[in-house]
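Counting with the numbering used here, you get residues 158 to 273 for the letters of the sequence shown. Using N, Cα and C, we set each Cβ at its ideal position, and we do this for glycine too. None of the values given here were measured: they were computed from a predicted structure. Input: a single structure, listed below in structure tokens.
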Amino acid sequence: QVQLVESGGGLVQPGGSLRLSCEASGFSFSTHLMGWYRQAPGKERELVAHIFSGRGETRYSDSVKGRFTISRDNARAMVYLQMTNLKPEDTAVYFCAAGLQGRVGWGQGTQVTVAS
Numbered sequence: 158q159v160q161l162v163e164s165g166g167g168l169v170q171p172g173g174s175l176r177l178s179c180e181a182s183g184f185s186f187s188t189h190l191m192g193w194y195r196q197a198p199g200k201e202r203e204l205v206a207h208i209f210s211g212r213g214e215t216r217y218s219d220s221v222k223g224r225f226t227i228s229r230d231n232a233r234a235m236v237y238l239q240m241t242n243l244k245p246e247d248t249a250v251y252f253c254a255a256g257l258q259g260r261v262g263w264g265q266g267t268q269v270t271v272a273s
């Protein structure tokens with residue numbers, strides 16, 4: 158079955174950095190679009206970034222563009238989210254998703270808290 162396991166969340170000060178990882182299994186990772194989403198308390202889940210299969214083109218939400226970088230390692234079936242210059246408004250549970258809008262599967266989420 159599809160499994161997506163996120164790691165790397167935690168508490169970080171404003172301006173700091175974190176790297177999230179997502180280990181995927183149970184589907185053909187290299188042929189699927191992968192994405193990171195987040196959900197803050199009281200808000201709807203929103204797309205942060207996604208990365209296409211093939212040449213690995215990327216797309217970012219305007220709120221994270223220039224600060225976050227999504228990448229993938231098809232050999233290891235891993236997708237990453239490097240987050241820099243973190244802001245309090247980045248505080249959320251971050252989810253890894255496989256397929257467009259997560260139609261293949263979702264991870265359980267990892268908490269990212271940005272606070273001084």
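For residue i, three-class secondary structure by DSSP
i    : result
D247 : helix
G192 : strand
Q268 : strand
F186 : helix
G262 : strand
CA nearest to the CA of residue i, picked from the options
i    : options                   : result
L190 : V221, S228, P198 and S178 : S228
S174 : Q239, G266 and Q258       : Q239
G172 : K200, A249, L243 and S273 : L243
G199 : L257, E246, S220 and G264 : E246
T226 : T241, F209, Q196 and S185 : T241
S213 : T248, D230 and R224       : The amino acid at residue 213 is misidentified as Ser; the sequence shows Gly. Measuring from the Cα of G213, the nearest candidate turns out to be D230.
C179 : G192, S210 and Q170       : G192
G98  : A197, R233 and F186       : In this structure the chain extends from 158 to 273, so residue 98 is not present and cannot be described.
I208 : S218, R202 and E201       : S218
E203 : S220, Q170 and T188       : S220
Assumed close pair residue i, residue j - CB separation to whole angstroms, cut-off 8 Å
i    : j    : result
G166 : V261 : With 8 Å as the limit, G166 and V261 do not qualify as a contact, their Cβ atoms being about 22 Å apart.
L177 : A272 : Going by Cβ atoms, the distance from L177 to A272 rounds to 17 Å, so no, they are not a contact pair.
Per-residue burial, residue i [other beta carbons within 10 Å of its own, 16 or more giving buried]
i    : result
G183 : exposed
G259 : buried
A206 : buried
A181 : buried
R195 : buried
G223 : exposed
G211 : exposed
Validate contact between the region 159 to 177 and the region 237 to 255 using beta carbons, cut 8 Å, 3 pairs: Output reads yes: the region 237 to 255 touches the region 159 to 177.
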